[in-house]
Every structure is written in C-alpha cells, then in structure tokens.
Amino acid sequence: MTEQKRALKALFMAMIIAAAATFLPASAAHADPASQAGTNCSLVQLASLDMETQPDGTFAVPVALNGRNVNLLVDTGSQTSSVSSETAREFGLGIRNIGRVGQFFNGIIIYQSATIDSYKLGESTSKDGGDFIVLPDGMIEPSVYGMLGPDILQHYDIEFDFLRGKFNLFQPAICDSDVVYWTKDAHAELPVKFDGAHHIVTTVVLDGKPMTVIVDSGSSHSFMSWTTAKQVFGEDGKNPDVKLLTIARINNGRPVQIYSHPFVLLDFNGVAVKNPDIYVVADNYFPARWRDETQIILGLSVLRQLHVFVQYGKQKLYLTAAETNPPAIPPPAAPGVPAHPAGP
Amino acid sequence: MKPVLAASLLVLLFSGAAEADGYQDFNLGLVSRNRQDWDATVKLMTLALSEPDLPPHLKVVAYFDRGTSYLGEKQFDAAIADFTTVIQLKPDYIEAYSARASAFAAKTQFAKAIDDITKAISLRPVYRPTYYQRIAIYTATKNMEAAIADCTTLIKMSPNEAMLYRLRGTTYRRNGNYDLAIADEGTALAINDQVAVDFRERGFDYAAKGDFSNAVDDFNSEIRLSVDLTLPYMRKGAVQWDWGKFADAESSFEHALKIQPQQKYGFLWLAITRGKTSTAIDSDMSQRFSASDLTKWPGPLVALFLGKATAGDVDSAAKRADAASQIGEICEAQFFIAEWQQIHQLAATRKFQEIAQTCADDAVIRPAAIAESNRPVAP
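This is the structure:
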C-alpha cells in the first residue's frame, strides 16, 4: 500500500471515528482514536487550525462550542479545558460551585464548573462535551472565550507551527514514524512524561544544569522560582545581573515582582535556544504541586522560537527551530486534509 | 532522519541577533512588550513591520503591541493610528476599540472614547471590564446617570456580586445620592459582611450626609477587619474631628501614629486636633522627621507645625506642584495654614468656606473645611 493510500485509509478511519464520536457518550468519545485506527504509521492530520496570536504572544484557535464558533486559548499548562465566566453567562451555562479544584499561576483559585454539550475542532473532529472549569471574570481578554486544556489535547498528537500560525492536530501515532515532516534540518527528540493533569513534563539542560520543565503553551512568560534559582544556580539575591524587570498582574491576579536572569543556553537535547527569556519569581506564585514537581514553566517566550510536535500517546516531544528549511520533497497531502505547509 | 545528538550539532536560535528577520524581531518585540519596555517594543515592532517576511498572521498583533507601547509612552496620536490600523485589518477586534478608547480618553476626546468603548461592548456585551472602562469615563465627565446605568446593567448580569453594588454605591455618592449609595453598600454587606472596604465606603456616605455616629460605627468595623492599618484610624479620626468630638479624634490619630509613627498626615491631623484640645505636640515629634522628609509634600506642612517653615514657604511649595497635584496641594495648604493660624491666634488669611470651594469634591480636606466653617467662632 502506498503512503498516500495508507494516509487516505487512516483519514477515512479518523472521519468515521469523529462522526461516531458525536453520538457517543463523553467517555467513549474520549477513547483513544488510535486504538481503533489499525496499525497505520503515517501522520494523519485531523485539523489544521489558524493561530490567533494574542498581544502577549499566547494564541487561540477556532473551536465550535455548543455549535458556536469561538476562539479558545491553547493551554497545555492548565488542568482542564475552561470557559470564562463571561462565556458561561453568554451561553447561559449553569455554573456550579465545586469547591477548590485547582489553581492557576499567581494564586488564581478555580472553584466553578459548567457543562459544555459539544465541541468541535476544525472540520473533521467533533466531540461530546463535558465539564469545563469556569475562569474568574476578566482573567482572559474579551476576544477569547476559554482555554483548550490537556484533557482534550491529550487525545491527539499536536503540532505548534508558530512561524506559519498553524496549530495542527493529528491522529495519535501508534508506531514510530517520520514525525518531523516539515524539514530535514536537525531536530531534537525528547522523552516526556505526563503528570496527573496530563501536563507535558520533560528534562532540558539550562546552562549545563538538567532541569525538569512543564511545557506551557498558555503562558506568555517562562518562569523559575527563587528556590530553584538558589538551589541550582546559587542565586542569593545579590547577583547584580539579576534585575527587577517589572511588576505585572499575571492572570489578572496579585502584582508579581519579575526578575530577569542572564541565562545563556537552553538545550533541548540538541536544539538550543540562546539567551532564553526565563523570569525568576517568588515561589508562592507557583501552584503548590508545581513547586514540587517542576523547576521551570516553559512558556511562549521560549516556545515561539521553536517548532514543536507533541506525541501524547508515544510520550515524545519533537523540536526544531521555528524557521527551518523545507524538506526536499514535501509529503503528499490527502484530499480533504489541509496540506502540510511548505517551508519558508 | 535521526535526531541530533546533544552537543554534536546544536541549532542555536539567536534571540537578540542584530540581523534578525521579521519573525525574530516580532518575538523580541513580544518579549519587550511583556517586560513593559515600551521604547524597545516600538522599535522592534516597527522593525518587524518593515520586514517583508513578517508572517501576515502576525501583523495585527505587531500593530496592536506597538500601539500599546505608544500608549505606554504617552504618544497618544501614534497609538490611535496603530489601533485604527488594527481595526481596519480586524474590525471585530474588541481589545483594539478598548485600547483606542484609552488613547482618546488620555487626549480628553471623551466622546470618541465612549464611541469606541460602546463598540467594544456591542461586540461582547457580557465582558465586564469594558463597562468599568466606560463607567470611569462617564464618571470623569460627570455623566453620572450614564455611569449609574452601566452599574445597574452589571448588577443585572451578576446580581450576587457584592463588588458591583459597591461600585454603584460609590457612583451614587459622586452624584450626591447618599441614601441610594448607603442602600447599595448595605446590599454588598448583606452578601458578605467581612469586607472592610464596604464598611469604609458606607462610612464615607454616612459622613457625607452628616450621620457621624453611623460613620464612626462603620469605620470601627473597618478597623476590626483591617489588622494594624493606619488609614482606617485616620478616617475615623477625621469624621470625629468633623463631628467636633476632638478628644475621640485625638485618640484615633494617636492610634494611627502608633502603627506608623512617620505618617505625615497623621501628624498633621493630630496637630490640629491638639490645637482644639489645647494639648501641646509631643516634644519627640520633631525627631521623627528628617530634613529630607520635609521637602516632599506634605512635608512642608509638617515643617510648618514643627516651626521649621513659614506659611509663605508652604504656600510656595504648594504652588510649585505639577498640574496634576496642584489643586489638591493648594487646598491642603490653605486648610492647614488656616488651622495653624487659629492655633497661634493669628489673623486668618482665608475663611474656611472659601477654602472648601478651592478643594476637589472628593478631597479629604473639604468636609473638614466645611465643618470648620459651620462651627461657632471662638470668642
């Protein structure tokens, strides 16, 4: 079977699964599509969504919520998908107080949820909904209606192509394949693990020190706590190169004193970002669990310089520079599926 | 292709490279924008926009962030031009209308600001911060009925949110509707009676309508809920002073100064209260303030009461203030000079009624000046 035919077959299977998912209860709809898709190793793109870049560098993608097209931020760092309070009011959703179920950076407590009947990403995937958490008023900008979290994203393999402004969803890989289809340039491959909230956790090397990081596409900044800065880099608050940059109300919460640190090189197993913009902030702004499990929240200040592909199922992270040379022969595009974009 | 091995082939992504193209300039511009380094953001986004290879999907944000940076640098015309470009490129971009409204408001073009905010509200009627923005402009332009109407819209949207009743309450107060303000603050307290600020706001309203007893009760509640804060004692003391209960006021200001011994306004209020009770200022008071403390406002007033400056010095200092603070400082200077003249039995240069007229409506001094003008003149 040719690559193209395999891709077509897999696409057909994906469409059947997607169509069926519309009529299945939430638990079935969330079942791993790969488990029903046979043994095809080709990349099967399920959706290619336009990134709507926000003023701080985060990005939203179009999602049909309860049949209505809105923009949701893509946030691999949240716990659950969410809607803003404004969206809950606008959609007439019943808001339930469910006790403290989570916390965003900077002490933003989550204690409400609402039920979404359905959501749809792109043209080819439609899912029954479920419980979305409700964000406090004014936490996100008015053009954005909520956040797409790991509870949904984990059912796909996902690609961040920041340069071309595309967020691509793929059928989860079930075997090793040529994931980095967009270039033949050097790439990095890192094993990842997922914590209880399906956060993407991996190890990188910052200025020669191995560090545990969470890949957080919902954070415009990258953060390290003062404790980590002290333990790993010996920062005692007296280094003149560590400077107070600004005080910002992150997540519309308390004012946060943000310090810069002159880090030199962040190495993702071969692909490296020079002078990574990682802020140092007080420990208490981190959600409690993150303080124990991660040393850096890797946000878009770093990620935007990369082209990122996450295989949730295979627990792998592939990275290249954001700008790369295209492959000599572009991969074939299946009819009805957006072609992989050509390189610059 | 196999992944590269660590250290064998590093792909270095140069942040900060001078020869960076549109995408790199844009990313650096984002970093600068998030650091609130407005000057750098303007330069980098201008560079990015001039690059032919800036991806088209990033142009709207590049213009928006440059506009925000111009706003941060108070270059309002440039900001308006960029936000207008954003709106042309993306007519449903709510944030651009709100941002342009801020620039128009800064230029005191309030009608245009209201038009833009109204457009933003029409695009997302449930988004509360946009109403707050319009309420602020209605309030600044003294269109209080419209401000109150927006508050009422918000309350209908979220009838169980105490802070919205507080917002309408303070708006009622600015419109002189003290009873309606007190009713709204009462509703806020019925929802949650552990919020100090709601007692404080209601205390202001009781004081404004001359109900000093209830005002003091509310400031006592504020004190109970605010651990070791100076200002609640100051507020209570000021109301007791207006009420003519000078011994109680003295006690309140002393409490404030125990918490924060170098509170200059606390010292000033204590000084004029002791003038009423014929008690001398403690001898150690002058040791609390260094020479540098006495240069910055209200330092010159403190210097007057410590015998280290003349009324003329204070007058001159107030008149040297920048435009934004001059009205407030002149009001304070006139009031405290008049009090100082009373204490020292000097001929008054101004009557308290006149002084009250020079003060802004919401100046702390204004009710005190009115209270003084209503007191019987000492024989």
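Going line by line, the protein sequences match chains A and B.
Start counting the first sequence at 1; every next residue gets the next number (my numbering).
Start counting the second sequence at 1001; every next residue gets the next number (my numbering).
All C-beta atoms in this analysis are idealised placements derived from N, C-alpha and C, irrespective of residue type, glycine included.
*asked:* To the nearest angstrom, how far is the alpha carbon of S1122/B from that of Y145/A?
replied: Straight through space, the alpha carbons of Y145/A and S1122/B are spaced by roughly 16 Å.
*Could you pull out every unbroken alpha helix (DSSP H) segment of at least 4 residues lying fully inside the stretch 146–228 of chain A, listed in chain order?*
For the stretch 146–228 of chain A, whole alpha helix (DSSP H) runs of length 4 or above, ordered along the chain, are 150–153.
*With 16 other CB atoms within 10 Å as the buried threshold, where does A1360/B fall?*
When all chains shown are included, A1360/B counts as exposed.
*Could you work out which residues of chain B lie near D56/A, taking near to mean beta carbons separated by less than 8 Å?*
Here the neighbours are L1030, R1033, N1034.
_First through last residue of the alpha helix (DSSP H) which encompasses P1232/B_ = It spans 1230–1243 - the alpha helix (DSSP H) in which P1232/B sits, taken as one unbroken run.
*Taking only beta-carbon positions, decide if I1114/B is within less than 8 Å of chain A.*
So, not an interface residue.
*Report the residue from D1039/B, Y1178/B, A1147/B whose alpha carbon sits nearest the alpha carbon of A1079/B.*
The candidate whose alpha carbon is nearest that of A1079/B is D1039/B.
*Beta carbon of T320/A, beta carbon of D185/A: below 8 Å?*
Cβ atoms of T320/A and D185/A: closer than 8 Å.
*Could you say which of T1295/B, I1281/B, D1179/B lies nearest to S1316/B if we only look at CA atoms?*
Relative to S1316/B, the option among T1295/B, I1281/B, D1179/B whose CA is nearest is T1295/B.
*asked:* With three or more beta-carbon pairs closer than 8 Å as the criterion, would you say the stretch 216–223 of chain A touches the stretch 58–76 of chain A?
replied: The stretch 216–223 of chain A and the stretch 58–76 of chain A touch, with no fewer than 3 CB-CB distances between them shorter than 8 Å.
_Strictly under 8 Å for the Cβ-Cβ distance: is E1073/B near chain A by that measure?_
By this cut-off, E1073/B is not an interface position.
*Report the rounded CA-to-CA distance for R1173/B versus A1196/B, giving the unit in angstroms.*
In this structure, the alpha-carbon of R1173/B lies about 18 Å from that of A1196/B.
*Compile a chain-ordered list of the residues in the stretch 293–312 of chain A whose CB is closer than 7 Å to at least one CB of chain B.*
Taking 7 Å as the Cβ-Cβ cut-off against chain B, the residues of the stretch 293–312 of chain A that qualify are S301, R304, Q305.
*Confirm, please, whether the CB-CB distance from D50/A to H1057/B is below 8 Å.*
Against a cut-off of 8 Å, the Cβ pair of D50/A and H1057/B comes out as a contact.
*Closer than 8 Å by beta-carbon distance: list the chain B residues that pair up with R68/A, in chain order.*
The contacting residues do not exist; R68/A stays about 13 Å from chain B at best.
*For L1089/B, go through chain A and note every residue whose CB falls closer than 9 Å to its CB, in chain order.*
Those within 9 Å of L1089/B in chain A number zero; the least Cβ separation is about 13 Å.
_Can you list, in chain order, the residues of its chain with a C-beta nearer than 7 Å to that of H187/A? Leave out the 5 residues immediately preceding and following it._
Excluding residues within five positions, the ones whose Cβ falls inside 7 Å are V180, V271, Y318, L319, T320.
_Contacts that I1094/B makes with chain A (C-beta to C-beta distance below 8 Å)_ = Those within 8 Å of I1094/B in chain A are E141, P142, S143.
*asked:* Just checking P1125/B against the ligand SAH - is the residue's beta carbon closer than 7 Å to any of the ligand's heavy atoms?
replied: Only the bare structure without any ligand can be found here, which leaves the ligand SAH out of the picture.
_Buried versus exposed, by CB contacts within 10 Å (16 or more), I133/A_ = Answer is buried; the Cβ neighbour count reaches 16.
*So which residues of chain A does Y1127/B contact, with C-beta pairs closer than 7 Å?*
Going along chain A in sequence order, the residues near Y1127/B (Cβ under 7 Å) are E86, P142.
_Whole-angstrom distance between T183/A and P326/A, CA atom to CA atom_ = So the alpha carbons of these two residues sit roughly 5 Å apart.
*asked:* Using a Cβ-Cβ cutoff of less than 7 Å, which residues in the same chain neighbour T1358/B once the five nearest sequence positions on both sides are dropped?
replied: Around T1358/B: I1330, C1331, Q1334.
_Run through chain B and tell me which residues come within less than 9 Å of M51/A, C-beta to C-beta._
Going along chain B in sequence order, the residues near M51/A (Cβ under 9 Å) are H1057.
*Throw me the rounded Cβ distance for the R1235/B and G1203/B pair, which I believe falls under 8 Å.*
Between R1235/B and G1203/B, the beta carbon gap of about 7 Å places them in contact (Cβ cut-off 8 Å).
*Three-state secondary structure (DSSP) at Q54/A?*
Under the three-state reduction of DSSP output, Q54/A falls in the coil class, being neither helix nor strand.
_From the DSSP secondary-structure annotation, give me the bridge partner or partners of L1058/B._
In DSSP, L1058/B forms no bridge with anything.
_To the nearest angstrom, how far is the alpha carbon of R1224/B from that of G1275/B?_
Near 29 Å, if we compare the C-alpha coordinates of G1275/B and R1224/B.
*Answer with yes or no whether the minimum CB distance from M1045/B to chain A is below 8 Å.*
So, not an interface residue.
_Under 9 Å from the C-beta of H261/A: neighbouring residues of chain B_ = Here the premise fails: no neighbours, minimum Cβ distance about 13 Å.
*Residue range of the alpha helix (DSSP H) that Q1345/B falls in?*
Run containing Q1345/B: none; DSSP gives neither H nor E here.
*Which residue comes first and which comes last in the alpha helix (DSSP H) that contains A1025/B?*
Per the sequence presented here, residue 1025/B reads as Asp, with Ala not at that position. 1022–1034 is the extent of the alpha helix (DSSP H) around D1025/B.
*If we call anything under 8 Å between Cβ atoms a contact, is Y1206/B one with D1218/B?*
Yes, these two residues count as a Cβ contact at 8 Å.
*Spell out whether any CB of chain B is found under 8 Å from the CB atom of A173/A.*
At a cut-off of 8 Å, the C-beta of A173/A has no neighbouring C-beta in chain B.
_DSSP three-state label for R1200/B, please._
The answer is helix: DSSP assigns R1200/B an H, G or I state.
*S85/A lies in the alpha helix (DSSP H); which residues open and close that run?*
For S85/A, the enclosing alpha helix (DSSP H) covers residues 85–90.
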